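Read left to right, the sequence shown gives residues 103 to 235 (this note's numbering).
Worksheet for the structure shown next.
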Amino acid sequence: APSGVVLYIEDNPVNLLLVEHLLARWSAVHLVQAEDGRSGIELTRSLRPDLVLLDMQLPDMDGLAVLGCLRADPATRDLAVVALSASAMPEALAQAREAGVIEYWTKPLDCDRFLADVHRLLRPHAPAAAAAP
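Pasting the structure below:
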């Protein structure tokens with residue numbers, strides 16, 4: 103089973119509850135929530151989570167601005183950030199990728215796919231040396 107800290111930056115209580123419910127099946131996954139971009143950035147800096155799920159439409163700043171702050175800070179630059187958005191527009195996807203997200207998931211979330219994707223992203227990473235030929 104996967105383990106790690108997942109930070110979900112999202113202002114919609116229904117989406118927060120859904121993700122909380124889905125991740126509750128894994129006791130070793132610790133979900134932390136932030137309801138706006140500013141607190142999301144602060145929590146990312148202090149927690150250094152294994153995975154950041156970032157809603158692209160937040161009340162105080164948009165997801166691209168949050169990403170810009172995270173990528174500009176050496177402490178958070180290399181963290182795994184997945185964008186979550188109701189927009190499936192190609193330009194929104196391209197902007198998010200350019201800003202440094204590793205993946206872009208559209209809402210409403212497909213529960214089975216969400217769990218499979220989180221499981222894949224949280225699985226233990228092999229040491230870099232083991233990957234060398």
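Every residue, glycine too, gets a C-beta built ideally from N, C-alpha and C.
On a predicted model such as this, the values are computed, not experimentally measured, just so you know.
- Unbroken alpha helix (DSSP H) runs of no fewer than 4 residues, entirely contained in the stretch 139–224, are found at 139–149, 165–174, 192–201, 213–224, following chain order.
- Boundaries for Ala130: no beta strand (DSSP E) harbours it, and the DSSP string shows neither H nor E there.
- Closest in C-alpha terms to Ser141, from the list Leu153, Pro161, Met191, comes Pro161.
- When the alpha-carbon of Met191 is set against those of Asp212, Leu109, Gly106, Trp207, the nearest one is in Trp207.
- Under DSSP, Val108 takes part in a beta bridge, and its partners are Leu133, Leu153.
- Rounded to whole angstroms, the gap between the alpha carbons of Arg199 and Ser129 is 31 Å.
- Under a 10 Å Cβ-count criterion, Ala136 is classified as buried, with 16 or more other Cβ atoms of the shown protein chains found around its own Cβ.
- Straight through space, the alpha carbons of Val154 and Thr146 are spaced by roughly 8 Å.
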